[in-house]
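Chemist:
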Amino acid sequence: MFSVSNRSDGDSQSRSSSIDKDEFIRDPHTCYTILDEWRLSDEDDLRIRTPRYENELSKESSVSSKKYESIEKSSNKQDQSTTKSISRQDELPKKSKTETDECDLTDFESSKRRRLTTGIDRYEHEDELVRQRILDEFRKLRKSTDWKIKEKRMRLLEHFDYLYENYGASGQVPYPQAVFPPDEMESLLFDSISVIAESGPRNEDADTYVLFLRFAANSGYRIEPAYDAAGRSIRQRVTAVHRAALCHSYYRSAVRDLFEMYGRVDVNYVDGDGLTHFYVACRFGFEDIARDFLELGRADVGECSSSSSDAIDAQPPPPLLTWSLAQGYESTAELLLSHGADANGASCPTTIAARTRPLHALCARPNDAGFDFLERHFQNPERRGILLDAADGLGNTPLHLALASDSRKTVGWLLKHGADPNLANEAGETPLHVICKREQDDDEALLKVFLKSCSDNNRTVLMDARDNEAGDTALHSALRRGHAKLAESLLRGGADPSSLNQRGQSPLHAICTTRRNDGSLLRIFLEICDELGLLGQLKLDAADSRDRSPLQYAVARLKPRAVEALLQRGADVASFRFPGLDLFFDDSEEEDEDGDVDLKSKHVRVSGALVVAELLVNAGHQLDRRDAATMMELYARSGLFEERMVFDLCNDEDFIKKSLEIAMTDAEPKFSLRDFFVLASRPREITEKITYFECYEFIANSQKLSAMNSRQKAACLVRICEKMWRVFFHRFAVDCYWELNSYRYPLVRCERVTERLPTEDLYRLCTIAANDDKITAKIDAATTLLNKAIARREGMGIM
């Protein structure tokens, strides 16, 4: 046990701390706290000894000693020269206050240093005890570890992580080389990098092993090469660096630590698959390491690793130059080119990965990220023999990739130097298809750059080339994705608006088969065709190979605006056949289900079905009972029967207040949301106040309900849809009830009876009436259903 007390100036109280050595080893953190409090308790009386502080003490002591010596010499001279009989004290000159204080300071500092040295020595002694204790424990763990079992070795590394987290800051964790011999140390390096290689980026499970590699590298651990009998270094050797080739670039720092431990660049280690340290250095963009290998003549810029069982994506990596450019390691790429790397990158086997050339890698980088490098190092490509139209593993040329990555300067550079604008890849897609199939925002600027560059360089573009999948032209592709501006540019550039694909579908079919837009795209398309005088080429009622017209697809996709546009342009209603239920739920024509959130909402789609039916009826189509049953099945499958909210909107004072201020129509007088719910139980009256289309617009315009909370909004949408459909159900239920009762009751009575039925019973009634069973069975079933419903709800209003 040791104790130390210190007293500050003017403080008569002393503070002492006692620490037992065994306690120090058991709980070093508590003891460190005590010692730190002791060391830092009084900065004026006791400061931590540092080299800088020692120098300051030494300088102050030296200055004070010299001044005191000069004073003594001066007094001696005066003693010898004076003849007066005075005392020696009187003959000495008076010392200034500063000189007196400096002399006193020397004694004070000496005393302070003695006390400081004693405390620090004791502190460092205890610190060394803890360090030795940890070292002993780590050696015991090493001896008890079964090095043949990987899980045991991993446990050892986890224990190291705990020690470093708790004692690393104080420098008490022993260096790995002080515990493990070289063979065991290399096993731990292999284990660490293997876990890192199997981890994705930003994986916390890899942090322990990244930390171990960093600590080992910083501790000065180095792996020396092995030598043969002739004293030559053995190059054939599998190292942890080879395993690091599989790591994600996020762990570049860990790979760098490995290179630091395998610090020798005069030996370019190679494994059994031909993978070298030089290749790994280039793979991670370590230009300085790669340069050392090349300057010593230990590497070849054209080398390529062969495939291995656990290689990335089961494909051999591309040539070094290609990889460096793809990853943005331009300094490494410049180094490789300066040492003779092949600019066409055709030195590896013909696999999908190897067929990706340096030019592909540059053009695939987004937003012209590789354009500056392209201009600096690929000048005069025709004279240098650079293959501008070389295809990668998927048949894409550099022009395909530049367009896909929105690299407009690169596109202009390629076309200027002779790239072919009409080459198709393995999917049959030309560069024009690539532009129109991009999922980004509808920006025709890229298309204009492409067409202008082709025009400036006298290149003819095939506007109606077809792909291999469905025979779609670029216009088909743009319209399927809702790209109105691209479609307009294509039409103005000469694209055929009536071209058919392999399914017999025209661009009109392409617009109507997708759910990506609400139909406004069709209106724009027809207006452009009318402006360009192409409207006569369109066949509005042409059927595809499945005998379906654009109007049928627009109805089945529940697109009111598309249906309205087709009917206004003269689509034939007389020959129209209402789609079957299978087409309403057929997504085989959908290439991508992504689209506008509002249009995917069941409330918008379900309300849109009523608008579509209303448009057809107004255009002269007779909606029979079977068509109505199909419509009703849409509502049933939407799940709105099950979503009836328990939340009572009518009794919610907050909702009532808000609903009075929300207008459902723009026409005067305003028809409020509150008015809608009041009249919802009277179908005839509500149809005089608001149309299906106005309800559809209100549901689609969700910001009108922004004043409501989420629960009120959800309940409101469900109830609006229900009330809209109740009007539709009631219209057919009256006739069904009248017919099923053999017209025995007056029609007015049938209306009153059906008005009292809930929406679910109206749906069941219409479904039974639309069935093909015998009339007797229909009457019996309907009568039983209605009698039970009426008895159950006698005296109650509509729910």
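Each step along the sequence shown adds one to the number in full-length UniProt numbering, with nothing skipped, and position 291 is 291.
Think of the CB as a built atom: it goes at the ideal place given N, C-alpha and C, for glycine as much as any other residue.
Bridge partners of V612, per DSSP?
Modeler: According to DSSP, which records beta bridges pairwise, V612 is partnered with nothing at all.
Chemist: Can you check DSSP and say which residues form a bridge with V270?
Modeler: DSSP lists Q236 and T276 as partners of V270.
Chemist: Would you mind sorting P201 into buried or exposed? The rule is 16 or more other CB atoms within 10 Å of its CB.
Modeler: P201 should be labelled exposed.
Chemist: Between the region 621 to 628 and the region 740 to 747, are three or more C-beta pairs nearer than 8 Å?
Modeler: no
Chemist: Do you know how far the Cα of A229 is from the Cα of R298?
Modeler: 21 Å
Chemist: Measure the beta-carbon distance from A240 to L296 and round it to whole angstroms, keeping in mind my assumption that it falls under 8 Å.
Modeler: About 22 Å separates the beta carbon of A240 from that of L296, a gap too long to meet the 8 Å contact definition.
Chemist: Is it buried or exposed, P719, if we count other Cβ atoms within 10 angstroms and call 16 or more buried?
Modeler: In the sequence as presented, Pro is not what sits at residue 719; that position holds Arg. Buried, because 16 or more other Cβ atoms sit within 10 Å of the Cβ of R719.
Chemist: Which residue's Cα is closest to the Cα of G428: S453, T397, E668 and K452?
Modeler: T397
Chemist: Quick test of the definition: if touching needs 3 or more C-beta pairs under 8 Å, does the region 373 to 385 touch the region 420 to 440?
Modeler: no
Chemist: Ends of the alpha helix (DSSP H) at L567?
Modeler: P560 to Q568
Chemist: Grouping DSSP H, G and I as helix and E and B as strand, with all else coil, what is Y553?
Modeler: Reduced to three states, the DSSP call for Y553 is helix.
Chemist: Do the region 189 to 199 and the region 138 to 147 touch if we need at least three Cβ pairs shorter than 8 Å?
Modeler: Judged by Cβ distances under 8 Å, the region 189 to 199 makes no contact with the region 138 to 147, as fewer than three pairs qualify.
Chemist: Run the CB neighbour count on T630, radius 10 Å, all protein chains shown included, and call it buried at 16 or more, exposed below.
Modeler: buried
Chemist: Distance, Cα to Cα, A343 vs V265?
Modeler: 26 Å
Chemist: Can you look up S706 in the DSSP assignment and give me helix, strand or coil?
Modeler: coil
Chemist: Please state whether the Cβ-Cβ distance between T759 and Y737 is less than 8 Å.
Modeler: Using a Cβ distance threshold of 8 Å, T759 and Y737 do not count as a contacting pair.
Chemist: Of all the options Q552, A495, L335 and S477, which has the alpha carbon lying nearest to the alpha carbon of C512?
Modeler: Q552
Chemist: Which of helix, strand or coil does DSSP assign to Y763?
Modeler: helix
Chemist: Looking only at its own chain, which residues have a Cβ that is under 8 Å from the Cβ of L532, when we skip the five neighbours before and after it?
Modeler: L491 and R492
Chemist: According to the neighbour-count rule (16 or more other Cβ atoms, all chains shown, within 10 Å of its Cβ), is K774 buried or exposed?
Modeler: Low local confidence applies: a pLDDT of 44 at K774 is under 50, so the model's placement there is unreliable, and no value is given.
Chemist: Just curious, the alpha helix (DSSP H) that T630 is in, first and last residue?
Modeler: R625 to R637
Chemist: Say whether chain B places a C-beta atom closer than 8 Å to the C-beta of A769.
Modeler: The structure shown contains no chain B; it is built from a single protein chain.
Chemist: Please work out which residues of its chain come closer than 7 Å, Cβ to Cβ, to R232, disregarding the five sequence neighbours upstream and downstream, and give them in chain order.
Modeler: none
Chemist: What are the start and end residues of the alpha helix (DSSP H) that includes A197?
Modeler: P182 to E198
Chemist: What is the C-beta distance between L540 and L522, in whole angstroms, given that I count them as a contact (C-beta under 8 Å)?
Modeler: Not a contact, Cβ separation roughly 11 Å.
Chemist: Taking only the alpha-carbon atoms, compute the straight-line gap between R291 and V270 and give it to the nearest angstrom.
Modeler: 18 Å
Chemist: Which first and last residues belong to the alpha helix (DSSP H) in which R214 is found?
Modeler: Segment D207 to N218, the alpha helix (DSSP H) holding R214.
Chemist: Would V573 pass as a contact of L616 if the rule is Cβ separation under 8 Å?
Modeler: yes
Chemist: Should I149 be labelled buried (16 or more other beta-carbon atoms within 10 Å of its own) or exposed?
Modeler: So I149 ends up on the exposed side.
Chemist: Taking the Cβ atom as the reference point for each residue, do V449 and A404 lie within a distance shorter than 8 Å?
Modeler: No, these two residues do not count as a Cβ contact at 8 Å.
Chemist: Given T208, which residues of its chain have a CB within under 7 Å of its CB, disregarding the five upstream and five downstream residues?
Modeler: L157, E158 and D161
Chemist: Short of 6 Å in beta carbon distance, which residues of its chain neighbour L534, apart from the five on each side in sequence? Order them along the chain.
Modeler: P497
Chemist: Less than 8 Å between the CB atoms is what I'm expecting for T430 and D392, so what's the real figure, rounded?
Modeler: Not confirmed; about 16 Å, so no contact.
Chemist: Among the candidates E165, M154 and A216, whose CA atom is the shortest distance from the CA of V179?
Modeler: A216
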